[in-house]
Each structure stands twice: as structure tokens, then as C-alpha cells.
Amino acid sequence: MRVLPGILAAMAFLLVAACSGTGSGDAKSEEGLEKAVRRAAEGIFGGDLHDAYDSYSKECREQTPYTEFAAGMKLAEAFMEAFTGAKLKDLKVKDVEVRNFSGDRGEAKLVVEAKDIEGFDEGEEEEWSEWMWEDGKWVQVDCGDLGPGGVLGDGGDDAAPDDDEPQPVPTPGAGPAVGTPVEAGGSRYTVHSIEDPAKAGEFFGPDPGKRWVVIEVTQEALGKQVSGSPFDFTVQDKNGFIYDFDFGEKEPEFTSRELAPGQRQRGFITFEVPEDAEMVAVWVDADFPKPHTLIADLTRD
164 MRVLPGILAA MAFLLVAACS GTGSGDAKSE EGLEKAVRRA AEGIFGGDLH DAYDSYSKEC
224 REQTPYTEFA AGMKLAEAFM EAFTGAKLKD LKVKDVEVRN FSGDRGEAKL VVEAKDIEGF
284 DEGEEEEWSE WMWEDGKWVQ VDCGDLGPGG VLGDGGDDAA PDDDEPQPVP TPGAGPAVGT
344 PVEAGGSRYT VHSIEDPAKA GEFFGPDPGK RWVVIEVTQE ALGKQVSGSP FDFTVQDKNG
404 FIYDFDFGEK EPEFTSRELA PGQRQRGFIT FEVPEDAEMV AVWVDADFPK PHTLIADLTR
464 D
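Just so you know, we're using our numbering here: the sequence shown kicks off at 164 and counts up by one.
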């Protein structure tokens with residue numbers, strides 16, 4: 164998974180979603196929609212989260228409370244700063260585009276400029292969002308972008324599917340066994356071992372009804388610089404459900420970093436899964452926009 168573009172894309176979703184509240188004076192026109200998007204994006208760079216939240220439709224706000232939205236937004240900004248050293252104030256609005264305008268509905272795209280931010284590829288953050296005219300103002304109607312899941316990308320090609328989203332189950336015995344090197348996205352991955360169930364840590368452990376699964380993996384950069392992150396990996400059970408990285412205590416941890424050609428990192432990645440789930444596979448999202456790559460078939464001896 165290309166972590167930085169994914170974070171910036173998710174941030175852009177939120178920025179596009181942010182428009183000012185009732186009484187802003189925005190016209191029921193293409194120009195009014197563009198003005199609302201631009202003004203709100205420039206405002207949220209300063210951290211005005213209430214205005215951003217209020218810009219969603221009534222239906223969206225009924226589904227997700229403000230506290231969840233604010234927590235997700237702060238987490239996304241923290242990830243952005245951790246990976247790039249940049250903050251929201253370092254982003255600028257380059258352009259706002261409107262299409263498919265029909266009077267009370269339209270789509271808007273916010274183009275964000277992020278100069279001198281390492282790993283930023285202009286254009287990665289550009290996404291179209293649907294808007295409608297509601298109670299005298301423009302609001303975004305896609306509730307999927309609201310809340311922590313939406314902030315970090317809960318749909319989209321560059322994000323792992325939700326834990327409760329069934330995925331195709333690999334044919335038992337047909338994939339690479341544990342210990343087999345697999346190349347994907349400019350890296351060579353090797354799952355060395357799997358601890359299932361893994362022991363709880365000294366300070367915390369899995370939630371009730373859950374258990375920890377820990378894999379040990381090496382990533383080696385081949386002919387180009389690549390990004391590595393525990394968020395790239397998922398495990399899958401026999402019913403097709405997948406589970407994302409969770410914070411554990413086994414060290415050394417597999418961390419988020421850039422690898423130059425020939426460099427490697429090796430560490431442990433923890434997943435929290437249901438107590439009765441039978442794990443069958445380990446996947447990595449390393450070759451966007453291609454599907455995830457199977458790097459360990461856990462049904463093989």
C-alpha cells in the first residue's frame with residue numbers, strides 16, 4: 164500500500180467535504196458550489212473541524228457523531244505528519260472543479276497542492292465527491308467519507324477492505340508456503356513464521372472474544388525505492404474475512420519506512436482476530452492498483 168498517497172487522498176475527501184454552514188450566502192449554482200468547497204478547504208487547513216462536520220448532509224451526521232469525525236481527522240493528520248513531516252497548514256488549494264451540475268446536485272473535485280512534501284505526487288489526492296443543496300447550503304452526500312474509517316480510506320483501491328467484508332478465499336494448498344519469497348510491487352516479501360495464538364503482551368492484549376495472530380516478515384527493496392508499512396498486510400480466515408494490522412508488543416516490530424534498493428527490514432506484525440476464526444492466508448497490498456498479493460498460504464504444511 165502506498166501509505167502517503169492513501170493518506171493524502173483520504174484527507175482530500177475530507178477537505179472536499181468541508182463547506183461552510185447555513186447562512187454562508189453561497190448561491191445555488193456551479194459558482195456557489197465551487198466557492199463553498201474552496202472556502203471550506205482553506206478553512207479546514209486551519210483545523211476548523213466543526214464547519215467541516217456541519218457540511219455533511221443530515222443523514223450523514225445522524226450516522227456518525229462529531230466525536231468520531233474529529234478523532235478520525237486528527238488521526239489522519241497525525242499519520243500525514245509522521246510520514247512526511249508536513250501538517251495541514253502546508254497544503255494549499257490549487258483548484259476546484261465542478262461537473263454534472265443539475266441545479267441542486269453536482270460533483271466537485273478539490274486539487275490540493277503540496278510543495279516540498281516528500282512522497283507527494285500531485286494528482287493522487289484528486290477525487291470527485293457528490294454534493295446536493297440542502298437547507299440553503301451545499302452539503303456532501305457520501306457518508307462513507309465521514310468518521311475514522313473514511314478518514315483513513317475505508318473503501319478505495321488503495322485501502323484494505325473492512326474486517327467484515329468477505330474476500331475470495333484462496334484455494335487451499337495452491338499458494339506459497341510460509342518461508343517462500345514472493346515478489347510484488349518492487350519488493351520481495353518472506354513470511355518466516357506465524358504465531359497463532361500469540362501471547363498477550365505485558366501491558367495489554369486482545370479484546371474479549373478475540374486472539375492475537377503474529378507473523379514475522381521480511382521486505383526487501385529490489386530495483387527501486389519502496390515504502391513499507393504494517394498497514395500493507397492483512398490476514399484472512401477460511402470464510403473469506405480479512406483482518407488488518409493491530410498494535411501488539413512483540414519486538415522488533417515491522418515499522419513504516421522507506422527502503423532503498425537492496426535494503427531490507429524484518430519484524431513482527433500483530434493482527435486481532437475472532438477466537439474461532441481459522442486463518443488461511445497472508446496478503447500484502449504492494450502493487451496498486453493491482454489486487455493484493457498472496458504471500459503465505461497458511462493451509463500448507
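Virtual Cβ for every residue (Gly too), placed ideally from N, Cα, C.
Comparing alpha-carbon positions, which option in the options lies nearest residue i?
i, options, result
"residue 448", "338, 427, 347, 410", "347"
"residue 355", "432, 303, 440, 298", "432"
"residue 337", "190, 276, 459", "459"
"residue 219", "304, 243, 230, 443", "304"
"residue 436", "386, 222, 456, 368", "368"
"residue 400", "266, 419, 359, 262", "359"
"residue 371", "421, 277, 419, 439", "439"
"residue 217", "441, 300, 239", "300"
Within its chain, find whatever has a CB closer than 7 Å to the CB of residue i; leave out the 5 residues flanking it on each side and keep chain order.
i, result
"residue 233", "212"
"residue 193", "261, 264, 269"
"residue 333", "443, 444, 457, 460"
"residue 386", "349, 424"
"residue 462", "335, 336, 443"
"residue 365", "412"
Checking 7 Å against the spacing of the C-beta atoms, do residue i and residue j come in under that value?
i, j, result
"residue 394", "residue 410", "no"
"residue 291", "residue 269", "no"
"residue 434", "residue 380", "no"
Quick check on DSSP: helix, strand or coil for residue i?
i, result
"residue 341", "coil"
"residue 254", "coil"
"residue 391", "strand"
"residue 368", "coil"
"residue 221", "helix"
"residue 201", "helix"
"residue 464", "coil"
"residue 194", "helix"
"residue 212", "helix"
"residue 347", "strand"
"residue 413", "coil"
"residue 237", "helix"
"residue 438", "coil"
Since residue i sits in a beta bridge, which residues does DSSP pair it with?
i, result
"residue 396", "447"
"residue 267", "None, per the DSSP bridge assignment."
"residue 356", "379"
"residue 384", "350"
"residue 430", "380"
"residue 453", "Per DSSP, none; premise fails for residue 453."
Just to confirm my understanding: we take residue i, look at its own chain, exclude 5 residues before and 5 after, and list those with CB closer than 6 Å. What are they?
i, result
"residue 259", "197, 200, 201, 273"
"residue 430", "415, 416, 417"
"residue 475", "For residue 475 there is no data in the structure shown, the boundaries of the chain being 164 and 464."
"residue 377", "358, 361, 413, 431, 433"
"residue 344", "351, 353"
Give a yes or no on whether 7 Å exceeds the smallest Cβ distance from residue i to chain B.
i, result
"residue 450", "Absent from the structure: chain B. Only one protein chain is present."
Near residue i, what residues of its chain come up, given a Cβ to Cβ distance below 8 Å and the 5 sequence neighbours on each side ignored?
i, result
"residue 423", "384, 388"
"residue 179", "The predicted model places residue 179 with a pLDDT of 44, which falls under 50 and marks its position as unreliable; any figure quoted below should be read in that light. Hits under 8 Å: 200, 204, 271, 272, 273, 290, 292, 303."
"residue 267", "191, 295, 296"
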